[in-house]
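Let me begin by presenting the structure, written as structure tokens, before commenting on it.
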Amino acid sequence: MATQKKTLDDVKNKSLLRHKGLINGSWVSSSSGKSTFDVVDPATLDVLATLPEMDKHDTAEAVSAAFEAFKSFKKTSARSRARLLRKWSDLCHENVDDLALIMTLENGKPLAEAKGEVVYGASFLEWFATQAEMVHGEVVPPANLGQRIVTFKQPVGVAACLAPWNFPIAMITRKCGAALAAGCTTVWKPAGETPLSAIAQAVLAEQAGFPKGSINLITSLTTVAEVGEELCRNPKVHKLSFTGSTRVGKLLMQQCSSTLKKLSLELGGNSPFVVFDDAKMSTAVEACIMGKFRNSGQTCVTANRIFVQAGIYDEFAKQLTERIKTLKVGAGTEEGVFVGPLTHERAVEKAMNHVADAKKHGGQVIYGGKPMEGMGKGYFFEPTVITGMKKEMLTTREETFAPLVGLYKFETEEEVIELANDCDVGLGSFVITENMARSWRVAEALEVGMVGINLGMLSACESPFGGVKGSGFGREGGTQGINEYLITKSMLINVAN
Ligand code: SIN
39 MATQKKTLDD VKNKSLLRHK GLINGSWVSS SSGKSTFDVV DPATLDVLAT
89 LPEMDKHDTA EAVSAAFEAF KSFKKTSARS RARLLRKWSD LCHENVDDLA
139 LIMTLENGKP LAEAKGEVVY GASFLEWFAT QAEMVHGEVV PPANLGQRIV
189 TFKQPVGVAA CLAPWNFPIA MITRKCGAAL AAGCTTVWKP AGETPLSAIA
239 QAVLAEQAGF PKGSINLITS LTTVAEVGEE LCRNPKVHKL SFTGSTRVGK
289 LLMQQCSSTL KKLSLELGGN SPFVVFDDAK MSTAVEACIM GKFRNSGQTC
339 VTANRIFVQA GIYDEFAKQL TERIKTLKVG AGTEEGVFVG PLTHERAVEK
389 AMNHVADAKK HGGQVIYGGK PMEGMGKGYF FEPTVITGMK KEMLTTREET
439 FAPLVGLYKF ETEEEVIELA NDCDVGLGSF VITENMARSW RVAEALEVGM
489 VGINLGMLSA CESPFGGVKG SGFGREGGTQ GINEYLITKS MLINVAN
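In terms of our numbering, the sequence shown is numbered consecutively and its last residue is 535.
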């Protein structure tokens with residue numbers, strides 16, 4: 039029996055569905071009142087909602103509101119902010135089905151995965167509630183005995199939080215949860231493809247009791263460049279946190295240089311996934327499924343270059359392909375679907391380009407390899423396995439961001455470390471081995487911000503998330519996450535007279 043198609047009409051808590059931006063506690067359209075953009079379901083290309091295309095003037099207004107609100111919000115106690123964050127987290131759990139449905143409709147990821155993201159997103163709120171009260175200064179032993187030196191930490195000011203479309207809730211809460219815990223006020227700029235999830239979060243944060251002006255939200259798709267530039271150049275913004283491509287991260291950094299903002303940039307990755315001969319095969323296959331097929335391969339930490347040691351290469355390719363054949367592909371709202379559509383048309387084009395390039399250089403497509411047929415207008419791509427991957431192929435240098443597994447063969451530990459590090463970015467990585475000494479050696483040698491041993495996911499609110507090289511800098515989550523929104527002030531006291 040065909041599953042009933044789901045729409046936003048199936049969302050029970052209708053208060054989550056505001057089709058507006060938020061400035062200073064009011065839900066508003068763009069000040070120009072002219073343009074709008076459509077939010078589209080990538081599984082069907084149906085229009086889900088029409089939102090105001092807000093511009094640089096709206097953005098400046100949102101920043102001013104956050105700037106004014108900061109004057110009182112910075113004086114609130116850490117405990118009171120922790121309570122608000124906990125309440126917000128509780129509301130996420132209470133609304134988990136609605137939030138997951140909104141996310142699935144606008145992003146495409148399967149409902150079960152979307153529910154997982156709601157819980158993951160809420161975990162950042164709980165985590166930063168604990169961290170708010172753990173912000174400490176220090177007493178420093180002075181060289182000059184006529185002085186005493188202490189340090190204390192304070193919120194940096196207005197934080198601009200620019201979130202991507204691949205994790206429309208968790209990237210909002212990971213940034214804004216930390217900022218609000220620290221005592222900063224915020225301007226949110228969710229991706230134009232997935233603003234509805236962020237809007238629902240802003241509704242819940244308001245319901246939790248965050249004061250007016252502490253949360254402002256700009257909706258924008260085609261005006262994103264001017265909105266981003268305003269956030270970068272506006273001197274009232276003191277912190278900017280961005281998750282997205284390395285290209286855009288570099289541009290934002292340039293634009294922020296005029297006001298020297300504190301920056302966190304979580305940029306592109308090209309994660310190596312290394313399977314050694316001594317790996318447990320079932321662990322390797324399941325970790326690869328998780329590392330590659332989560333969000334249809336559209337994560338910054340997705341396993342992009344899969345290096346398999348020669349002794350188990352053929353067997354791994356065989357068992358992985360058999361497992362991939364069992365994954366159901368379809369609209370994320372359908373029962374049992376594991377691989378949803380890609381979020382953009384251009385993602386399908388990129389995947390086709392990577393397959394064509396791999397074939398041109400001698401790769402063998404042993405499963406999939408093309409856009410999915412019989413799926414209507416949606417952006418579906420077949421789960422794909424290619425063997426015989428080589429260094430000169432496009433996938434070696436670029437994230438594919440699609441459900442495409444490319445298998446590279448290697449012989450020795452030294453060789454694979456060199457291959458893995460021969461890359462201009464360094465975000466996630468995965469090492470599959472039963473040899474504990476080897477897992478330490480390789481983890482230490484990889485030029486990345488995160489290493490997963492015998493697993494395919496690096497997500498935990500208590501673990502710092504971030505990269506090195508072209509993957510940017512700054513850490514989200516962990517005990518480091520809140521520090522990105524704090525400054526350290528030192529106080530030197532004359533005790534000699
Ligand atoms: C990302 O892809 O940037 C986020 C992934 C995660 O938090 O697990």
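All C-beta atoms, glycine included, are put in the ideal place defined by N, C-alpha and C.
Inclusion of Ala481 and Ile491 in the CB contact set at 8 Å is warranted, their separation being smaller than that value. Non-local C-beta neighbours of Glu437 in its own chain, meaning closer than 8 Å and more than five positions away in sequence, comprise Gly306, Gly307, Asn308, Cys338, Thr340, Asn342, ordered along the chain. When secondary structure is reduced to three states using DSSP, Ser161 falls in the helix class. Taking 7 Å as the cut-off, one finds no heavy atom of the ligand SIN near enough to the beta carbon of Val506. Uninterrupted beta strand (DSSP E) stretches at least 3 residues long and entirely within the region 457-482 occur at 468-470, given in chain order. Scanning its chain for C-beta atoms nearer than 7 Å, with the 5 sequence neighbours on each side dropped, one finds around Val156 the residues Cys130, Val134, Leu137, Ala138, Ile207, in chain order. Thr321: not part of any beta strand (DSSP E); member of the alpha helix (DSSP H) spanning 319-331, first to last residue.
In chain order, His57, Thr74, Phe75, Val77, Pro233, Thr257 place their CB closer than 7 Å to the CB of Leu89, counting only its own chain and leaving out the 5 sequence neighbours on each side. Inside the region 192-255, DSSP marks whole beta strand (DSSP E) runs of 3 or more residues at positions 196-200, 223-227, 253-255, from first to last along the chain.
Taking C-beta atoms under 8 Å as the contact rule, Cys222 and Val194 qualify, at a distance of about 6 Å. Here Ile531 is exposed, its C-beta having fewer than 16 other C-beta atoms within 10 Å. Within the DSSP secondary-structure output, Gln347 pairs in a beta bridge with Phe448. Counting other Cβ atoms within 10 Å of its Cβ, Arg285 stays below 16 and is therefore classed as exposed. Cβ atoms of Val423 and Leu365 stay farther apart than 8 Å, at about 12 Å. Relative to the Cα of Arg117, the nearest Cα in the group Leu524, Ser295, Leu218 belongs to Leu218. Separation of the CB atoms of Ala246 and Trp65 is rounded to 16 Å, and the pair is thereby denied contact status at 8 Å. Within the same chain, Cβ atoms closer than 6 Å to the Cβ of Ser283 are found at Gly306, the five residues on either side in sequence being excluded.
Counting along the chain, the unbroken alpha helix (DSSP H) around Asp136 starts and ends at 134-145.
Gly516 and Gly505 have their C-alpha atoms spaced approximately 14 Å apart. Taking C-alpha positions only, Ile140 is separated from Met529 by approximately 48 Å. Here DSSP, grouped into helix, strand and coil, assigns Glu267 to helix. Sorting Thr433, Tyr417, Gln192, Lys398 by C-alpha distance to the C-alpha of Glu171 places Gln192 at the top. Around the beta carbon of Val463, 16 or more other beta carbons sit within 10 angstroms, so the residue counts as buried.
Contact annotation, Ala394 with Phe419: C-beta distance approximately 13 Å; criterion of less than 8 Å not satisfied.
Here the alpha carbon of Phe376 sits roughly 14 Å from the alpha carbon of Leu442. C-alpha of Ile237 to C-alpha of Glu514: approximately 21 Å in a straight line. For Gln292, the enclosing alpha helix (DSSP H) has its first and last residue at 284-294. Linking Leu83 to Leu46 through their CA atoms gives a straight-line distance of about 14 Å. DSSP places Gly487 in the coil class of the three-state scheme, outside both helix and strand. Nearest to Lys277 by C-alpha distance, out of Phe345, Val101, Ser161, is Val101. The closest heavy atom of the ligand SIN lies 7 Å or more from the beta carbon of Phe468. The closest heavy atom of the ligand SIN lies 7 Å or more from the beta carbon of Glu231. In the three-state DSSP reduction, Lys72 falls in the coil class, being neither helix nor strand.
Val489 has its CB no nearer than 7 Å to any heavy atom of the ligand SIN. Leaving aside the five residues that flank Ser70 on each side, the residues in its chain whose CB is nearer than 7 Å to its CB run, in chain order, Asp93.
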